[in-house]
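The opening position of the sequence shown corresponds to residue 310 in my numbering, with each subsequent residue numbered one higher. Cβ coordinates follow ideal geometry from the N, Cα and C atoms, glycine included.
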Amino acid sequence: MQADTALEAFQHIDVARMSPSVGAEIHGIDLSQPLKDEQFQDIRAALGLFGVIFLRDQDISPADQLRFAKSFGDININRFFHPVEGYPEIANVQRQPDERGATGWYWHTDHSYDQVPAMGSVFAAREIPPVGGDTLFAGMTAAYDALSEGLKQVLEGLEAWHADTVCPEVADPRIGAEFNDRLPGLETAGVRAKHPVVIRHPISGRKVLYVNSGFTEGIDGWNRAESKALLDYLFDHATQPQFTYRHRWREGDVAFWDNRATWHCALDDCFGYKRVLHRITIEGEPLRAARAD
Ligand code: SIN
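1) So within the region 388-449, which uninterrupted beta strand (DSSP E) runs reach at least 3 residues, ignoring any that extend past its ends?
2) Going by C-alpha to C-alpha distance, which of A598, P595, G581 and A599 sits closest to A411?
3) Alpha carbons only, please: which of E347, V361 and S341 is nearest the one belonging to R326?
4) Looking at the structure shown, is G527 part of a helix, part of a strand, or coil, going by DSSP?
5) With DSSP as the reference, please indicate the residues paired to V585 in a beta bridge.
6) Pick helix, strand or coil for E496, following the three-state DSSP scheme.
7) Here's a check: name, in chain order, each residue in its chain whose Cβ is nearer than 6 Å to the Cβ of G593, leaving out the five neighbours to either side.
8) Could you give the residue range of the alpha helix (DSSP H) that holds P482?
9) Can you have a look at A601 and say buried or exposed, based on whether 16 or more other CB atoms are within 10 angstroms of its CB?
10) Residues bridged to L364 by DSSP?
11) Nearest-angstrom Cα distance between L375 and A312?
12) Would you say the beta carbon of H573 comes nearer than 7 Å to a heavy atom of ligand 1?
13) State the Cα-Cα distance for the pair V479 and H321, rounded to the nearest angstrom.
14) Could you give the distance in angstroms between the alpha-carbon of F524 and the alpha-carbon of K345?
15) For a test of your reading of the model: does the CB of R588 fall under 7 Å from any non-hydrogen atom of ligand 1? Yes or no.
16) CA-CA distance, D323 and R483?
17) What first and last residue would you give for the alpha helix (DSSP H) that runs through L316?
18) Does at least one heavy atom of ligand 1 sit under 7 Å from the Cβ of G332?
19) Below 8 Å CB to CB, which residues in the same chain sit around H504 once its five sequence neighbours on both sides are set aside?
20) Pick helix, strand or coil for P505, following the three-state DSSP scheme.
21) In this structure, does DSSP put E347 in helix, strand or coil?
22) Would T444 pass as a contact of H573 if the rule is Cβ separation under 8 Å?
23) Quick check: F552 and V331, are their CB atoms within less than 8 Å of each other?
24) Which partner residues of V575 appear in the DSSP bridge assignment?
25) Any heavy atom of ligand 1 within a distance shorter than 7 Å of the CB on V506?
26) Below 8 Å, how does it come out for the region 364-382 and the region 391-403: are there three or more Cβ pairs, yes or no?
27) Taking 8 Å as the cut-off, decide whether the C-beta atoms of K583 and R404 are in contact.
28) Are the beta-carbon atoms of F319 and D351 separated by less than 8 Å?
29) Quick check on DSSP: helix, strand or coil for D541?
30) On a CA-only basis, which of K537, F544 and N385 is nearest T571? Give me that one, please.
31) Go through its chain and collect everything with a Cβ distance to F349's Cβ below 7 Å, but skip five positions before and after it.
32) With a threshold of 7 Å (Cβ to nearest heavy atom), would G413 be considered close to ligand 1?
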């Protein structure tokens, strides 16, 4: 069997890829205990390399989840979801059996509308349906790499606007009304920011495509039709199956995704079952354009 040389760098965790483009499973970490510095370094490197990492069979409290998240940065308190009782930093991504629609059922990356977008999220699976409720992830490093050299050159000169008013729950009040109980903060939407279309990833140092269908409004300086044509192409390109991984949740799973390197999309297929996951979002750092190098 041929060796996967990317995995040889990890000394303190065991890593197995979930797909060639995005996602890896990490073994050898118990999140109910504080991380050792060398474990922290390996986990951070794995996040940069694979975009989203999964730790299985974690028997952790909300306080353990919070300690793990805080070791990677300050917490960004979510404006939209109800918090977990006693933990304002933890968003309760919860769906009751009789509730229709999944929050975040479209491809997106969290917080791209902020001036300094969130680094990532730590997502703990608390109650999972026997079938359905999976989450899709797409890898934006692989999606960028697969573009032609000509299009890469065009994209590296561009910036795009992102807004929290673009997502369907805010853009269409009829859709929003269906989520009022689960997303009490929807009326706070109205935040916009401009970012490079291709960024240099702060951990991996790789070039990453940084637009997403959930929040990207348009290309700076382009008209609506031009923007739509380019963005639709990029959205179709980036969600091709070879850039994606579909995660079937098990209770006790903890996912940690990097918003600067991945998109995600919750599948809306578990009507009749309760689904509860707890999300903590970690602050990021200013994005750096790849063309600045
Ligand atoms: C999210 O969009 O942050 C949550 C995704 C999910 O519920 O699977």
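Per the coordinate set shown:
1) 396-404, 429-436 and 444-448
2) G581
3) V361
4) strand
5) Q403 and E436
6) helix
7) V425, P426, A427 and M428
8) P482 to E487
9) exposed
10) I335 and V563
11) 35 Å
12) yes
13) 43 Å
14) 36 Å
15) yes
16) 46 Å
17) No alpha helix (DSSP H) contains L316, which DSSP labels as neither H nor E.
18) no
19) S421, P426, E468, A469, H471, Y519 and L596
20) strand
21) helix
22) yes
23) yes
24) Sequence inspection shows Ala at residue 575; the Val mentioned does not correspond to that position. In the DSSP output, where bridge partners are listed per residue, A575 has T444.
25) no
26) yes
27) yes
28) yes
29) helix
30) F544
31) S380
32) yes
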